[in-house]
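Asker: Numbering (the numbering used here), first residue to last: 101 to 476.
Cβ atoms here follow ideal geometry from the backbone N, Cα and C, with glycine treated the same way.
#1: Taking all protein chains shown into account, do 16 or more other C-beta atoms lie within 10 angstroms of the C-beta of residue 393, making it buried, or fewer, making it exposed?
#2: Quick check: what's the CA-CA separation for residue 182 versus residue 249?
#3: Given a threshold of 16 other Cβ atoms within 10 Å of its Cβ, counted over all protein chains shown, does residue 463 qualify as buried or as exposed?
#4: Run through the DSSP bridge pairs and tell me what residue 160 is partnered with.
#5: Rank 316, 273, 152 and 403 by C-alpha distance to the C-alpha of residue 340 and give the top, closest one.
#6: Just checking my contact of residue 142 with residue 187 at CB under 8 Å: how many whole Å lie between their CB atoms?
#7: Note the first and the last residue of the continuous alpha helix (DSSP H) segment covering residue 398.
#8: I need the boundaries of the alpha helix (DSSP H) containing residue 423, first residue and last residue.
#9: Determine the closest residue to residue 451 out of 156, 305, 335 and 282, with distance taken between C-alpha atoms.
#10: Return yes when at least one heavy atom of the ligand FMN lies under 8 Å from the C-beta of residue 398, else no.
#11: For the beta strand (DSSP E) containing residue 145, list its first residue and its last residue.
#12: To the nearest angstrom, how far is it from the Cα of residue 200 to the Cα of residue 242?
#13: What residues match up with residue 259 in a beta bridge as DSSP calls it?
#14: What is the residue span of the beta strand (DSSP E) that residue 320 lies within?
#15: Who are the near neighbours of residue 314 in its chain, counting only those whose CB is closer than 7 Å to its CB and skipping five residues on each side?
#16: Pick out whichever of 152, 107 and 119 has its Cα sitting closest to the Cα of residue 136.
#17: In three-state DSSP terms, what is residue 387?
#18: I'd like the span of the alpha helix (DSSP H) that includes residue 123, first residue to last.
#19: Classify residue 356 as helix, strand or coil using the three-state DSSP reduction.
#20: Work out the CA separation of residue 364 and residue 308 for me, nearest whole Å.
#21: Have a look at the DSSP bridge pairing and note the partners of residue 438.
#22: Please confirm if the segment 384-398 is in contact with the segment 428-436, defined as three or more CB-CB distances below 8 Å between the two stretches.
#23: Just checking my contact of residue 430 with residue 289 at CB under 8 Å: how many whole Å lie between their CB atoms?
#24: Spatial neighbours of residue 203 within its chain, please: C-beta separation below 7 Å, excluding the five flanking residues on both sides.
#25: Pick out whichever of 185, 466 and 129 has its Cα sitting closest to the Cα of residue 207.
#26: Apart from the five residues on each side of it in sequence, which residues of its chain come closer than 6 Å, Cβ to Cβ, to residue 215?
#27: Could you pull the DSSP bridge partners for residue 119 from this structure?
#28: Within 8 Å, do at least three Cβ pairs link the segment 269-277 to the segment 351-359?
#29: Taking the C-alpha atoms as reference points, what is the distance between residue 374 and residue 380?
#30: By Cβ distance, which residues of its chain are closer than 6 Å to residue 294, with the 5 residues on each side in sequence left out?
#31: Helix, strand or coil for residue 443, going by three-state DSSP, please let me know.
#32: Reducing DSSP to helix, strand and coil, say where residue 300 ends up.
#33: Could you give the first and the last residue of the continuous alpha helix (DSSP H) run that contains residue 206?
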């Protein structure tokens with residue numbers, strides 16, 4: 101069944117709510133023990149929202165990006181969901197185990213999306229969900245398969261947690277060495293960002309930007325999504341410019357700090373190779389007053405503020421003038437260099453963890469295929 105959305109105009113449906121109300125964005129958690137959005141019991145009584153049994157399997161019918169077709173296990177009691185989610189409540193009489201169903205549907209993510217043609221605005225619906233066929237071994241075999249996959253998935257999750265802990269550690273080191281970059285409690289000298297380096301927008305003069313003549317050559321093209329998902333250092337790319345594309349753009353050197361100013365606001369990544377990027381990305385090259393890693397981490401503390409205050413037309417964006425006018429505290433360059441050395445060590449650890457996570461993911465996917473083909 102699907103859920104519902106209580107009327108947003110009735111404050112009693114939302115104020116001081118205690119009932120977890122799950123939306124599509126929550127499905128990426130995999131297992132849901134709680135969620136940010138809450139509604140009241142009165143809202144449940146007076147809307148299409150329904151209480152969901154614990155261990156229900158949830159599928160996102162639609163949502164932004166790769167959300168459609170994502171699945172999760174509900175571990176919370178007395179939770180509800182909106183209409184963009186379908187919940188499946190395995191019936192023991194049908195001998196279907198929730199965890200087994202979850203892992204099977206998770207293994208079918210691409211196939212589930214393909215049901216709708218994988219169009220950007222396509223959505224799933226109940227008839228399409230009901231059309232999915234499920235291999236159904238005996239209940240005890242389902243539990244055995246689920247237990248094996250759960251152990252394998254736990255290893256992958258621990259790798260991801262370790263990467264997050266590494267990021268949290270760097271932020272703690274920054275605060276310990278330099279203090280809060282917004283309030284500057286250590287009283288460091290302050291300059292404008294354009295006084296500590298050169299800031300320029302990328303170039304993409306030709307229109308339309310998707311003209312086939314621009315693409316498919318040997319020159320790496322970095323876009324906002326590549327920066328946002330880089331994890332700090334840009335080590336790969338998903339598109340290239342031809343010589344024609346390069347002629348209407350500009351190639352930036354390795355070591356350039358890329359800063360997004362549209363769609364993804366103030367996300368950053370340091371180039372590890374020469375690349376072009378469009379005018380939705382700004383390139384920063386430091387002078388002798390700062391290190392690139394110091395500026396990058398400083399910006400990470402400001403990212404939410406810049407995003408919240410970004411003007412919005414078709415999409416949120418900030419301009420070069422806003423970045424140039426930012427006040428940046430300037431601790432001694434020797435301290436910044438020590439911080440940069442720490443960043444490099446932590447990022448080497450993260451690279452190893454990411455490589456290990458990729459191997460774990462590949463191994464997990466292979467294990468899933470064998471499990472649901474009856475070969476485990």
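Answerer: Let me lay it out:
#1: The residue labelled residue 393 in the question sits at position 293 within the chain shown. Burial call: buried.
#2: Walking along the chain shown from the start, residue 182 turns up at place 82. Walking along the chain shown from the start, residue 249 turns up at place 149. For residue 182 and residue 249, the distance between alpha carbons rounds to 29 Å.
#3: On the chain shown, residue 463 is found 363 positions in, with the first residue counted as 1. Exposed: under 16 other Cβ atoms inside 10 Å.
#4: The residue given as residue 160 occupies position 60 in the chain shown. According to DSSP, which records beta bridges pairwise, residue 160 is partnered with 185.
#5: Taking the chain shown and counting its residues from 1, the one referred to as residue 340 is at position 240. Closest option to residue 340, Cα to Cα, is 316.
#6: Mapped onto the chain shown, residue 142 falls at position 42. Mapped onto the chain shown, residue 187 falls at position 87. Contact doesn't hold; Cβ gap of about 21 Å is too wide.
#7: As a working note, residue 398 is residue 298 in the chain shown. Start and end: 392-408.
#8: For this step, residue 423 is matched to residue 323 along the chain shown. Segment 420-424, the alpha helix (DSSP H) holding residue 423.
#9: The residue labelled residue 451 in the question sits at position 351 within the chain shown. Among 156, 305, 335 and 282, the Cα nearest to that of residue 451 is on 335.
#10: By its list of ligands, the structure shown contains no ligand whatsoever, and the ligand FMN lies outside what it can speak to.
#11: For this step, residue 145 is matched to residue 45 along the chain shown. Unbroken run through residue 145 is the alpha helix (DSSP H), 141-145; no beta strand (DSSP E).
#12: Residue 200 sits at position 100 when you count from the first residue of the chain shown. Residue 242 sits at position 142 when you count from the first residue of the chain shown. In a straight line, the C-alpha of residue 200 is about 6 Å away from that of residue 242.
#13: Indexing the chain shown from 1 puts residue 259 at position 159. Answer is none; residue 259 lacks a bridge partner.
#14: Translated into the one-based positions of the chain shown, residue 320 becomes position 220. Its beta strand (DSSP E) spans residues 315-321.
#15: Here residue 314 is taken as the residue at index 214 of the chain shown, counted from 1. If we look at residue 314 and ignore the five residues flanking it on each side, its Cβ neighbours are 306, 341, 342, 344 and 345.
#16: Counted from its first residue, the chain shown places residue 136 at position 36. Of the listed residues, the one whose Cα sits closest to residue 136 is 119.
#17: Here residue 387 corresponds to residue number 287 of the chain shown, with the count starting at 1. Reduced to three states, the DSSP call for residue 387 is coil.
#18: Working through the chain shown from its first residue, we reach residue 123 at position 23. Counting along the chain, residue 123 falls outside any alpha helix (DSSP H), and DSSP gives it neither H nor E.
#19: Reading the chain shown from its first residue, position 256 is the one you call residue 356. Coil, per DSSP.
#20: In the chain shown, the residue the question calls residue 308 occupies position 208. In the chain shown, the residue the question calls residue 364 occupies position 264. If I take the Cα positions, the gap works out to 21 Å.
#21: Reading the chain shown from its first residue, position 338 is the one you call residue 438. Note: residue 438 sits in no beta bridge, so no partner.
#22: yes
#23: Counting from 1 along the chain shown, the entry for residue 430 is found at position 330. Counting from 1 along the chain shown, the entry for residue 289 is found at position 189. Contact between residue 430 and residue 289 holds, since their C-beta atoms are separated by about 5 Å, short of 8 Å.
#24: Residue 203 sits at position 103 when you count from the first residue of the chain shown. Excluding residues within five positions, the ones whose Cβ falls inside 7 Å are 246, 249 and 468.
#25: Position 107 of the chain shown, counting from 1, holds the residue named residue 207. Among 185, 466 and 129, the Cα nearest to that of residue 207 is on 466.
#26: Mapped onto the chain shown, residue 215 falls at position 115. Only 228 meet the Cβ criterion.
#27: To locate residue 119, count along the chain shown from 1; it is residue 19. In the DSSP output, where bridge partners are listed per residue, residue 119 has 139.
#28: no
#29: Translated into positions along the chain shown, residue 374 becomes position 274. Translated into positions along the chain shown, residue 380 becomes position 280. In a straight line, the C-alpha of residue 374 is about 18 Å away from that of residue 380.
#30: In the chain shown, residue 294 corresponds to position 194, counting from 1. 424, listed in sequence order.
#31: For the purposes of this step, residue 443 is taken as the residue at position 343 of the chain shown. In this structure, residue 443 counts as helix in the three-state DSSP scheme.
#32: Position 200 of the chain shown, counted from the first residue, corresponds to residue 300. For residue 300, the three-state secondary structure derived from DSSP is strand.
#33: For this step, residue 206 is matched to residue 106 along the chain shown. For residue 206, the enclosing alpha helix (DSSP H) covers residues 198-207.
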